[in-house]
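Line by line, the protein sequences are chains C and S. In terms of the numbering used here, the first sequence opens at residue 162 and continues consecutively. In terms of the numbering used here, the second sequence opens at residue 13 and continues consecutively.
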Amino acid sequence: MTSGNGKGNSRVMDAEGLRRALTRIAHEIIERHKGTTGLALVGIRTRGAFLAQRLAKEIEAIDHHPVPVGALDITLYRDDLSRIAPNPIVRATAIPFDLTDLSIVLVDDVLFTGRTIRAALNAISDLGRPKQIQLAVLVDRGHRELPIRADYVGKNVPTSLQEHVEVQLNELDEREEVVIKALAPATGEKP
Amino acid sequence: MATTATPVHTTQWTRKDLLGLRELSAEEIHLILQTAESLREISLRPIKKVPALRGKTVVNLFFEPSTRTRTSFELAAKRLSADIVNIAAQSSSLSKGETVLDMVKNLEAFKVNFLVIRHAAAGVPHLIARHATSAVINAGDGAHEHPTQALLDAFTIKEKKGRIEGLNVSIIGDIAHSRVARSNIWGLTKLGAHVTVCGPPTLMPPAIEQLGVRVTYKVEDAIKGADVLMLLRIQHERQEHMLIPSLREYRLRYGIDAQRLKGAKPDVLIMHPGPVNRGVELESSVADGPYSVILDQVTNGLAVRMAVLYLLSGNQKDEEGLLHA
C-alpha cells in the first residue's frame, strides 16, 4: 500500500488505478450483458452518481452505443432516518427513463454494511420493475449487515471498523483517490 | 437537467416548529426551498409515495375552513407515508366547551407527531407550540402569518424567474387583513426582493413601510416595473365593514384586467393564493392567461409542505430521551 496524504491514512487507489478499475468494470458489464441492449446505469448520490456517468462514457467508448444514466437519492429510504438528527439533506432523484424491463446496474462508491443498497433496491422498485438489478462498486470494504453482494468490484479492501474509506473524485473533491483513514477514537462504534 | 446551477445549501434544520417566516434566516428558507426542489419529483412518479415518514402521525387541526391548504398538507403527509387525521373545528369537542390546549393535550395523548394548525386568531399556533411536544406548523393564524403559502410563492418565483434576489414584487389588495402578505413580506425581503404593497388606504396597515416595503395606493405604480404581481383576495365582509365602498368600486380602482396589464413588464408573473374572486381583484382572462402561475403555486405547495414535514421530522427524536425507530 502506498502511503497516503496524512497521518494514519493510506492510499489504496490513485487516479490511474481508479480509471483502470472503471474501464475493467465497463468491459465486464458489456461482457455479462452481451452488449448494451436494455442496459441502464443508476448511480447512488453523491459519488455513485458521478461514477455511473463515468462508467456510461467508458461503455459507450467500447461498445459505441449510449447507455441511459440516472441518479438516485436514497435518503428518504434510509432505515436510520428516525435515529439521526437533524434529517440529512435530500437531493433529487433524476432518472429520465422508465426502468421497467431494463437491466439496471446500480453504481456506488463504497460497499460497506449493505444498508444503502437495500434502500436503493426499495427506491428502485417504487420507480418501476426492472428485469434485473446488478451492483457495481468501486471499493468493497466488507462488514456486511445484510445479505447483499456486488456483481462488479473495483477493488476489495479489507478494513477494520475503526477505519473510514474515503473516495475522492475530481467532480467534487480536490483529489482523485481512495484513502483509508483511522477514525478518531471518540467517533468510533458505541456499545 | 434543470437548475443545476443552484447553490447547495448545507444549513441544518434545528427548529421544532414552523410558526412564521419572521424568525427564519434566509439560509433556513433556502434549505426548505432546496428540499422542496428535491421532493417535487415524487409527485410526478406513477407511485407517488416514499417511506420517509412511515409510522408518523399528522393531525390537521383547522379552526377555519380551508380546502386547498388542508388538502395540500394531507397529500404531502400521505406522499411521505405518514398517517393523517383531519379535525374540523365545527365537528370537534370545542363546541362542547373544551379549550384549545385541552384538545391538543388529548390529541398528544394519542402520540401524534405533527399538528398543522389554522386559527382565526393570531398566535394560537404559537401558544400550542409552547405546550406541545409535537412539531407545530402554522397553516394560517389570523392576519399574522401563513408561512407555507409564502414559501410556495417564493418557490414558484424562483422556479419561473431563476432567482428572487433583485426582483420587484408587488402585493396588491387587502394588505391589512392578509397573513399571506405578511409572510411574503418577511420571506421575500429576506431573500433580497424589492417588495411593494398596494391597496386602498383603508386596507393598508399603518407603518407597514417599517417592514422594508414600498407603499403605493395607485395600482398603476404597483404594476409598472414589477416582475411579479401577487393579488390578494378581497373578502365580501370588508364591504360590510365599509372599508371599501363596493366590490365594483374596488375592481374599477384596483382590479387587474387586460387593459391594466399593458403597463406591466412583458414577462410579468401573476400570482394569487386562492381562492380567486373572479371579476373583483382579477379578471378571468388574466387569471387564466399566459402570465398566470396560479395553478403552479398549488402544485408547488405540495412539494413545499412535504419539505417542511420532512425537515421538522428530523428534530423530534429526543422525546422521552429515546430515539423512535
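Each residue gets a CB set at the ideal place from its N, CA and C atoms; glycine is no exception. None of these values were measured; they are calculated from a predicted model.
From this set, 325(S), 167(S), 116(S), 25(S), which residue's C-alpha is nearest residue 177(S)'s C-alpha? Your numbering for residue 177(S) matches position 165 in the second sequence. Ranked by Cα distance from residue 177(S), the first of 325(S), 167(S), 116(S), 25(S) is 167(S).
Same chain, Cβ closer than 8 Å to residue 213(S), neighbours up to 5 away in sequence not counted: Indexing the second sequence from 1 puts residue 213(S) at position 201. Excluding sequence neighbours, residue 213(S) sits near 229.
If we define contact as Cβ-Cβ less than 9 Å, is residue 10(S) a contact residue for chain C? No answer is possible for residue 10(S): the residues shown for chain S start at 13 and end at 337.
Between residue 279(C) and chain S, is any beta-carbon pair separated by less than 9 Å? On the first sequence, residue 279(C) is found 118 positions in, with the first residue counted as 1. No - not a single Cβ of chain S is within 9 Å of the one on residue 279(C).
Suppose you measure from the CA of residue 238(C) to the CA of residue 62(S); what does that come to, to the nearest Å? Along the first sequence, read from residue 1 onward, the residue named residue 238(C) stands at position 77. Along the second sequence, read from residue 1 onward, the residue named residue 62(S) stands at position 50. If you draw a straight line from the Cα of residue 238(C) to the Cα of residue 62(S), it is about 7 Å long.
Taking 7 Å as the limit between beta carbons, can you name the residues of its chain near residue 161(S), skipping five residues before and five after? Sequence index remark: in the second sequence, residue 161(S) carries index 149 (1-based). Closer than 7 Å at the Cβ level, and outside the excluded window around residue 161(S), lie 192, 195, 285.
Start and end residues, alpha helix (DSSP H) containing residue 160(S): The residue you call residue 160(S) lines up with position 148 of the second sequence. Per DSSP, the continuous alpha helix (DSSP H) segment holding residue 160(S) begins and ends at 159-173.
CA-CA distance, residue 238(S) and residue 209(S)? Counted from its first residue, the second sequence places residue 238(S) at position 226. Counted from its first residue, the second sequence places residue 209(S) at position 197. Whole-angstrom Cα-Cα distance: 11 Å.
Below-9 Å beta-carbon distance, residue 274(C) vs any chain S residue: Counting from one through the first sequence, the residue named residue 274(C) turns up at place 113. At a cut-off of 9 Å between C-beta atoms, residue 274(C) does not count as an interface residue with respect to chain S.
Below 8 Å, can you find three or more Cβ-Cβ pairs linking the region 77-93 of chain S to the region 255-267 of chain C? No, they do not touch.
With DSSP collapsed to three states, give me the class of residue 35(S). Along the second sequence, one-based indexing puts residue 35(S) at 23. Three-state DSSP puts residue 35(S) in coil, outside helix and strand.
Beta bridge counterpart(s) of residue 295(C) as assigned by DSSP: Looking up residue 295(C) in the first sequence gives position 134. In DSSP, residue 295(C) forms a bridge with 266(C).
Check the Cβ-Cβ distances between residue 245(C) and every residue of chain S, and say whether any is below 9 Å. Translated into the one-based positions of the first sequence, residue 245(C) becomes position 84. Chain S, which has a Cβ nearer than 9 Å to the Cβ of residue 245(C), makes this yes.
For chain S, is any of its Cβ atoms less than 9 Å away from the one on residue 331(C)? Taking the first sequence and counting its residues from 1, one reaches residue 331(C) at position 170. Closer than 9 Å: no.
Of all Cβ atoms in chain S, is any one closer than 9 Å to the Cβ of residue 251(C)? As a working mapping, residue 251(C) is identified with position 90 in the first sequence. Residue 251(C) counts as touching chain S.
What residues from chain C crowd round residue 53(S), counting only those whose CB sits closer than 8 Å? Indexing the second sequence from 1 puts residue 53(S) at position 41. In chain order: 253, 254, 255.
Indicate whether at least one CB of chain S lies closer than 9 Å to the CB of residue 351(C). Numbered from 1 along the first sequence, position 190 holds the residue referred to as residue 351(C). With a pLDDT of only 41 at residue 351(C), under 50, the local geometry of the prediction cannot be trusted, and no value is derived from it.
Does the Cβ of residue 181(C) have 16 or more other Cβ atoms within 10 Å, making it buried, or fewer, making it exposed? Indexing the first sequence from 1 puts residue 181(C) at position 20. Around the beta carbon of residue 181(C), fewer than 16 other beta carbons sit within 10 angstroms, so the residue counts as exposed.
Where does residue 348(C) sit, in a helix, a strand or coil, going by DSSP? As a position in the first sequence, residue 348(C) is number 187, starting the count at 1. Its pLDDT being 49, under 50, residue 348(C) is placed unreliably by the model, and the measurement read from it follows with that caveat. Assignment of residue 348(C) by DSSP, reduced to helix, strand and coil, places it in the helix class.
Cross-chain neighbours of residue 134(C) in chain S, by beta carbon under 7 Å: Outside the shown range of chain C, which is 162 to 352, sits residue 134(C), and nothing can be said about it.
Mind checking the region 315-330 of chain S against chain C and listing, in chain order, the residues whose C-beta falls within less than 7 Å of any C-beta there? The region 315-330 of chain S vs chain C, Cβ under 7 Å: 322, 323, 325, 326, 327, 329.
Rounded C-alpha distance that separates residue 227(S) from residue 198(S): Here residue 227(S) corresponds to residue number 215 of the second sequence, with the count starting at 1. Here residue 198(S) corresponds to residue number 186 of the second sequence, with the count starting at 1. Cα-Cα distance, rounded: 15 Å.
Checking contacts by CB at 9 Å: is residue 26(S) closer than that to chain C? Here residue 26(S) refers to the residue found at position 14 when the second sequence is read from its first residue. Closer than 9 Å: yes.
Where does residue 28(S) sit, in a helix, a strand or coil, going by DSSP? Along the second sequence, read from residue 1 onward, the residue named residue 28(S) stands at position 16. The three-state reading of DSSP puts residue 28(S) in coil, since its state is none of H, G, I, E or B.
Could you tell me the alpha carbon to alpha carbon distance between residue 335(C) and residue 155(S), rounded to whole angstroms? Residue 335(C) sits at position 174 when you count from the first residue of the first sequence. Residue 155(S) sits at position 143 when you count from the first residue of the second sequence. The alpha-carbon of residue 335(C) is positioned some 51 Å away from that of residue 155(S).
Determine the chain S residues that contact residue 288(C) at a beta-carbon separation under 7 Å, and present them in chain order. What you label residue 288(C) is simply residue 127 of the first sequence in a count that begins at 1. Identification of chain S residues near residue 288(C) by a Cβ-Cβ cut-off of 7 Å yields 57, ordered along the chain.
Only counting runs of 3 or more residues, tell me where the beta strand (DSSP E) segments fall wholly within the region 184-232 of chain S, in order along the chain. Whole beta strand (DSSP E) segments, 3+ residues: 206-210, 226-228.
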